[in-house]
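Written below as structure tokens is the structure these notes are about.
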Ligand SMILES: [Zn+2]
């Protein structure tokens, strides 16, 4: 039983059985209340997942890209569950969950781009090539000014406002099955911290 | 739960990632990772850098605290976390982790007030340490750090804390950092100013004491202000430099430090006298400042006020103090926090538990 957590867009939590069956899922597209929503969502999903004495075997963390403050909440929570239960933490780039859902649903084919809002009039973009069990990454996540974003020829863009946590777990299952490596469970910030070195100003 | 509750506390309100484990009032572990060095070249805490550092430090800090306490996470009776006040993005890392930890362990969550935590630090004791005696209440508490300068009246650690006054601009610790920069001293400014001041004359320059004029005392009897002091130091240094004179760093540092220590301790003792509470507790990182401690001790003695200063490792931000307050709340019969609570950067001190 996998518990998947993503706070790179809204807040999404899901429990998925080893055979891919979605046991429980809670999500919200609210981009400001991650710290609040993660509590009740986790409580409900963990309770539903373990209702028949089933145990969590893995925690899956969506590592973004996403606006920093929210993104960290889910990763911190995922690490804490893994530590508390002594189970492995699997990291999955959040765009991969969107890409998988698009391909599985027959929505995307060929080359396509997953886009999410990165604030400050920028978008985060990952370009995929459709395929199963996992779409292949053609261009890893990067930031582009929203106004300047123009997909390459033959690349269809899809903008996502929520990350499907169940698909995040499905992506993890596909990686586990194929033996492919998982990325480090660190956030994909894609942007340096916003700091300016100021020199003391004269007061007189 | 047999006997006193075993509580793990997580603190991420500023630049220190703290995890502490207590059993009631007994301190079992107090592990702190600081991102201070990463802020040094910016001369102050950069919120985004602090929040990123919390996320990286939290799991190793948790593991180390559990190892040092010699417990298993599954032994815990509760998980506690600072829900405010503090830097919002930094607080959210701790809140997210604490909720998940509590839920995964099946233990209750206690979200507590950081400032009350500083007072709670005083009730903790090591198994083998010298007995410092019980914290007597009510007490006035002066909490001073890079993030806060607050004067509290504490009647009960679990449900009766009143804000007497606080800074209306910079925190005292921030003023130390800014003046250190003016004098070309590195960050953090507190220990640097303390060192430079050791050789200086504290009465060489008469810097202003914020909010101490009779008219200010009407509306701001127990409030603090350090921005005027900082500007006065800047003006003094500029004038000397413009005239091509050498800046007497030791004298400026000593005179500035004296102005800060003077106003902090004068207002704290005044509160004790006015309110008829002959007890003062100091907390926060500025307690490390030698002059603040000495002047507080002198004035407390003169006023017949007993002074308590927790060990420095419990004065700076830490998770043990957060666990201590949660343990007190549990023993007083209070229930856990709602799972839907958020981080509150301006949580009032009257709210001991969110
Ligand atoms: Zn503090």
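Residue numbers (the numbering used here), protein chains in the order written: chain F, 19 to 222; chain R, 750 to 1103.
Note that the Cβ used here is the ideal one computed from N, Cα and C, for glycine as well.
Check whether the Cβ of residue i sits closer than 7 Å to any heavy atom of ligand 1, and report yes or no.
i: residue 788 (chain R); result: no
i: residue 803 (chain R); result: no
i: residue 894 (chain R); result: yes
i: residue 113 (chain F); result: no
i: residue 882 (chain R); result: no
i: residue 2 (chain F); result: The requested residue 2 (chain F) is not part of the displayed model; chain F covers only 19 to 222.
i: residue 769 (chain R); result: no
i: residue 867 (chain R); result: yes
i: residue 188 (chain F); result: no
i: residue 1066 (chain R); result: yes
i: residue 752 (chain R); result: no
i: residue 793 (chain R); result: no
i: residue 939 (chain R); result: no
i: residue 922 (chain R); result: no
i: residue 179 (chain F); result: no
i: residue 1033 (chain R); result: yes
i: residue 160 (chain F); result: no
i: residue 985 (chain R); result: no
Name the two residues that bound the continuous beta strand (DSSP E) containing residue i.
i: residue 1032 (chain R); result: 1028-1032
i: residue 181 (chain F); result: Segment: none, residue 181 (chain F) is in no beta strand (DSSP E) and carries neither H nor E.
i: residue 888 (chain R); result: 888-893
i: residue 46 (chain F); result: 40-46
i: residue 160 (chain F); result: 154-163
Check each candidate in the options and name the one with the smallest Cα separation from residue i.
i: residue 845 (chain R); options: R:1094, R:1103, R:889, R:1090; result: R:1090
i: residue 1088 (chain R); options: R:1000, R:794, R:848, R:884; result: R:848
i: residue 1059 (chain R); options: R:1069, R:1050, R:1053; result: R:1069
i: residue 765 (chain R); options: R:798, R:909, R:888; result: R:798
i: residue 115 (chain F); options: F:72, F:146, F:160, F:42; result: F:146
i: residue 240 (chain F); options: F:189, F:140, F:173, F:150; result: Residue 240 (chain F) falls outside the range modelled here, since chain F spans only 19 to 222, and no answer is possible.
i: residue 19 (chain F); options: F:187, F:160, F:210, F:152; result: F:187
i: residue 1084 (chain R); options: R:1047, R:824, R:968, R:856; result: R:856
i: residue 1013 (chain R); options: R:983, R:1024, R:959, R:984; result: R:959
i: residue 206 (chain F); options: F:106, F:93, F:117; result: F:93
i: residue 1102 (chain R); options: R:881, R:834, R:887; result: R:834
i: residue 853 (chain R); options: F:138, F:103, F:110, F:107; result: F:103
i: residue 796 (chain R); options: R:1094, R:1099, R:906; result: R:1094
i: residue 946 (chain R); options: R:1006, R:969, R:922; result: R:1006
i: residue 166 (chain F); options: F:139, F:180, F:154; result: F:139
i: residue 133 (chain F); options: F:101, F:164, F:151, F:154; result: F:164
i: residue 808 (chain R); options: R:890, R:760, R:1076, R:921; result: R:760
i: residue 882 (chain R); options: R:1038, R:872, R:918; result: R:872
i: residue 918 (chain R); options: R:911, R:899, R:912; result: R:899
Looking only at DSSP bridge pairs, what is residue i linked to?
i: residue 114 (chain F); result: Paired residues: none, contrary to the question.
i: residue 973 (chain R); result: R:916
i: residue 759 (chain R); result: R:768, R:830
i: residue 1102 (chain R); result: R:861
i: residue 23 (chain F); result: F:31, F:79
i: residue 1067 (chain R); result: Answer is none; residue 1067 (chain R) lacks a bridge partner.
i: residue 129 (chain F); result: F:147, F:173
i: residue 1108 (chain R); result: Look at the range of chain R in this structure, 750 to 1103, and you will see that residue 1108 (chain R) is not part of it.
i: residue 911 (chain R); result: R:902
i: residue 135 (chain F); result: F:141
i: residue 782 (chain R); result: R:766
i: residue 1055 (chain R); result: R:1028
i: residue 775 (chain R); result: R:772, R:874
i: residue 109 (chain F); result: F:79
Who are the Cβ neighbours of residue i in its own chain at under 7 Å, not counting the five residues just before and after it?
i: residue 924 (chain R); result: 975, 978, 979, 1009
i: residue 204 (chain F); result: 81
i: residue 792 (chain R); result: 926, 930, 936
i: residue 1062 (chain R); result: 779
i: residue 91 (chain F); result: 25, 52, 53, 56
i: residue 842 (chain R); result: 761, 800, 803, 804, 807
i: residue 59 (chain F); result: 29, 31, 44
Counting along the chain, where does the alpha helix (DSSP H) carrying residue i start and finish?
i: residue 1041 (chain R); result: 1039-1052
i: residue 963 (chain R); result: 963-968
i: residue 798 (chain R); result: 796-818
Please work out which residues of its chain come closer than 6 Å, Cβ to Cβ, to residue i, disregarding the five sequence neighbours upstream and downstream, and give them in chain order.
i: residue 1065 (chain R); result: 1034
i: residue 929 (chain R); result: 938, 941, 942
i: residue 1049 (chain R); result: 1029, 1056
i: residue 182 (chain F); result: 115, 119
i: residue 948 (chain R); result: 999
i: residue 126 (chain F); result: 120, 148
i: residue 158 (chain F); result: none
i: residue 85 (chain F); result: 137
i: residue 83 (chain F); result: 142, 159, 206, 208
Within a Cβ cutoff of 8 Å, which residues of the same chain sit near residue i, ignoring the five residues on either side of it in sequence?
i: residue 814 (chain R); result: 757, 768, 769, 770, 778, 779, 780, 1068
i: residue 880 (chain R); result: 874
With 8 Å set as the bound, which would you pick, yes or no: does the beta-carbon of residue i sit closer than that to a beta-carbon of chain A?
i: residue 197 (chain F); result: Absent from the structure is chain A; the protein chains it does hold are F and R.
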